[in-house]
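Notes to accompany the following structure.
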Amino acid sequence: MKNKKDLFDLFRDNEHKLDERPDSMLWDRLEGRLDQSSEAHRAPSRNGWKQWMSMAGVMLALIVVISVVNMMLKGENGDRQSAENKGIMPTLEMEEIGIFSDKGPNYTVGEYQKMLARLNTSPILEGDPNKKIRIQESVFASLSERSKQQIASVDKILRAEEAVNAKKAGPKEIETKFKDSKRVVSAEANEMVKAEAIEVPRYANENVSADHGSSDDAVYADMVMDEAATTSAPPPAAANMEMEESVAAGAMDLNVMKNKVSVAATEAQAGIQQFEWLLGKWEAPGSDQIRKEEARSDSRAKKKKSESAKMTKDMGQNMIASNRSVEEWKPLDEFTIEGQGYLVVNGDTTFTESMQIKKIGSDLYYVLALDDSGNQVKYRLKTYTEKGAVFENEEVAFPNQVILQRDFSNSNFTTLLQNKTPAQINTEQQEYFQNRNMIRSEQVKRVMNRVEN
Amino acid sequence: MTEKELIEACKRKDRKGQKLLYDRYSPKMFGVCKRYARSREDAEDVLLEGFYKVFKNIEQFKGAGSFEGWIRRIMVNESLMFLRKKHNFQLTVEVSNIEIKTEVNAEQDLIAEDILNMLAKLPTGYRTVFNLYVLEGYKHREIADIMGISINTSKSQLILAKKRMQAMLVKNQYPDVG
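Written out as structure tokens, the structure reads:
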């Protein structure tokens, strides 16, 4: 009994030696938290007011957009109707695509289809692929300046391609050029979308192509001017650079218009290219830390024998481990970039996870697993800025947001998993996320530093 | 500023009062948190969360008992919540070795680093029971309730903690410890 008291007293007597003033930054963090909470408490009415104002703003913007679209539709329908009465007007659908011109050489429906597909724009669905088509001059004259520029750009693209073909350049080369220009274009187009005021050209609407399904060749009768005109205009003296520029210009117009429609109708848009900054190898600050091995031993060791053989060996013990968390992002295909995350403890990989950012339809998604089950969850891109991106999936209990934050120099980035309205993380998820993240009660966070581009 | 004035200031959400209270109690409470959490970073997180709760709930302190004791209980609770979330207490049982007797020299003195090192090296279950029993003064029955374990488990965890510490004392060049 005496012995027991002695040992315990030894600790009791010396406990005060652990007293220590915490880091001064801690008070700042606490103060920030207190400020945040008093803000939230203080002004529910102000928040309510803000919400109402923002909702009213959104409604107003929608009304304006719808009005503008209606006005444009009415105006163009009216013009077209009168033109049709005079017998000089082609079909509405053709102008909506806005691609055909009599300003340049004639191309086949098939060629236009190929071109439009390359530009990621609605293809022409009907007509004999070998039929030559062009738009009537009067129709061209009635188009807006933007449409004319767009048509001119596409003409340039087609001419340039023809010129390249004439020079017998390998198809692969062309493909590469178009692919490259397309990549540039998408980023630029998205920038334009951000920068410009929203307007909605009717011919940029993707639904137009669906309407074409009901058309037949007769619809084109007015426009098919010359079945035999096979002599194309001589290749312009455009250097490759010019060709790429024109490709870019044309594609940009088309993409901008498409994107504008999307932006008006949905929310943030971004191309997969906007996450190219993520590509490369990243590491969490590597330092020797005391690992709490017994905390995450049993279940994981059973599930992942190969990964955690060492952990199993050390189960129930403490050990000093040199650990580093690594994340490598690579392009998987045209629409996907993939990140592999892993935790290395004393040279052994003890944990792996896979993330993706992928384009599905017109939306971008961040895809990741939230626990050991391996089931992956998709988060749709909500907002994108130069500082990062917010992905959301409100159907997930936790986290319903995945936030990527990047620093200006692109030397590190932060991944935050949290809820829009703070919520507690459950124990199972904590165990999963603690492998490569710092865990607060309401947030999962990791900061990765760039090690390779 | 007296303790009572400090409490009143905190109840008014006076930021200066809150800072003073934090400055006064944070060193001791940081020591408490360090005993439970194994790393300094974790202890800081627990301390922050604990003080946040102190300020949010200070209205509930009616002045009946010791204010420092009230804060300390919050910190201990916060530490236990942290451990439960992070480790689910992960009790380590070495039943066959329980019957080992140990001796210690009461004159022996410990430095802070040794205390922390020894506590950090204890498995979470040992460490938690040891802290609650030896340094917070809880009974095994209370510890069993707090941790959701049986009274016997609490007792065995304490014995095992003591045995492990004894071994560490010997290893850490405390020659008088037998």
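Heads up: the sequence lines are chains A and B, in that order.
At position 99 of the first sequence (counting the first as 1) the number is 99 in the working numbering, and the numbers step up by one without a gap.
Numbers given in the working numbering equal positions in the second sequence, counted from 1, plus 1000.
Each residue gets a CB set at the ideal place from its N, CA and C atoms; glycine is no exception.
None of these values were measured; they are calculated from a predicted model.
Along the segment 15 to 26 of chain A, the positions whose C-beta sits under 8 Å from a C-beta of chain B are E15, H16, K17, L18, D19, E20, R21, P22, D23, L26, read in chain order. The beta carbon of A/T415 sits no closer than 8 Å to any beta carbon of chain B. Every alpha helix (DSSP H) of 4 residues or more that sits fully in the segment 15 to 44 of chain A is shown, in chain order, as 24 to 42. Rounded to whole angstroms, the separation of the alpha carbons of B/I1074 and B/I1058 is 11 Å. Unbroken beta strand (DSSP E) runs of no fewer than 3 residues, entirely contained in the segment 401 to 450 of chain A, are found at 401 to 406, 412 to 418, following chain order. Around B/F1082, the same chain offers V1046 as residues with beta carbons nearer than 6 Å, after the five sequence neighbours per side are excluded. Listed along chain A, the residues sitting closer than 8 Å to B/E1044 by beta-carbon distance are P22, D23, L26.
Taking the CA atoms as reference points, B/M1165 sits about 38 Å from A/R33.
The beta carbon of A/V444 sits closer than 6 Å to the beta carbons of L417, F433, N437 from its chain, once the five residues preceding and following it are set aside; these are given in chain order. Non-local C-beta neighbours of A/L368 in its own chain, meaning closer than 6 Å and more than five positions away in sequence, comprise M355, ordered along the chain. Listed in chain order, the non-local C-beta contacts of B/E1003 below 7 Å within the same chain comprise F1067, local neighbours out to five positions each way being set aside. Distances from the CA of A/S325 to each of A/D333, A/S409, A/E353, A/I337 were compared; the closest alpha carbon is that of A/E353. For A/S38, at least one C-beta of chain B is nearer than 8 Å to its own C-beta.
Among the CB atoms of chain B, one or more fall inside 8 Å of the CB of A/L34. Listed along chain B are V1134, each with a C-beta nearer than 7 Å to that of A/F8. With fewer than 16 neighbouring CB atoms inside 10 Å of its own CB, B/N1077 falls in the exposed class. Each of A/T385, A/Y365, A/Y384 was checked against the Cα of A/Q376, and the nearest Cα belongs to A/Y365. Sorting B/V1032, B/A1120, B/A1161, B/N1131 by C-alpha distance to the C-alpha of B/R1038 places B/A1120 at the top.
DSSP, reduced to helix, strand and coil, places B/R1072 within a helical segment of the structure shown. Interface annotation, B/M1165: in contact with chain A, CB-CB separation under 8 Å. As the crow flies, the alpha-carbon of A/A56 is around 21 Å from that of A/K420. CA-to-CA, the gap between B/K1171 and B/K1056 works out to about 45 Å.
Taking a cut-off of 8 Å for Cβ pairs, the segment 1147 to 1165 of chain B and the segment 1126 to 1136 of chain B touch, as three or more such pairs fall below it.
As the crow flies, the alpha-carbon of B/T1124 is around 8 Å from that of B/Y1036. Taking a C-beta cut-off of 9 Å against chain B, the contacting residues of the segment 429 to 441 of chain A are Q430, E431, Q434, M438, I439, R440, S441, listed in chain order. Going by DSSP, B/T1002 is part of no beta strand (DSSP E) at all; its letter is neither H nor E. Boundaries for A/S354: no alpha helix (DSSP H) harbours it, while the beta strand (DSSP E) harbouring it runs 348 to 360, taken from the DSSP string.
In the structure shown, the three-state DSSP call for B/V1046 is helix. The residue from B/K1086, B/I1159, B/A1161, B/A1144 with its alpha-carbon nearest to that of A/Q429 is B/K1086. Under the criterion of beta carbons closer than 8 Å, A/R406 and A/W277 qualify as touching, at roughly 6 Å. With a cutoff of 8 Å on beta-carbon distance, B/A1112 and A/L18 are scored as near each other. Counting only Cβ-Cβ distances below 9 Å, A/T427 has contacts in chain B at R1084, K1085, K1086, N1088, in chain order.
Rounded to whole angstroms, the Cβ separation of A/F413 and A/M448 is 6 Å, and the two are in contact under 8 Å. Boundaries of the beta strand (DSSP E) harbouring A/A369: 363 to 369, taken from the DSSP string.
For A/R324, no chain B residue has a C-beta closer than 8 Å to its own C-beta; the minimum C-beta separation is roughly 17 Å.
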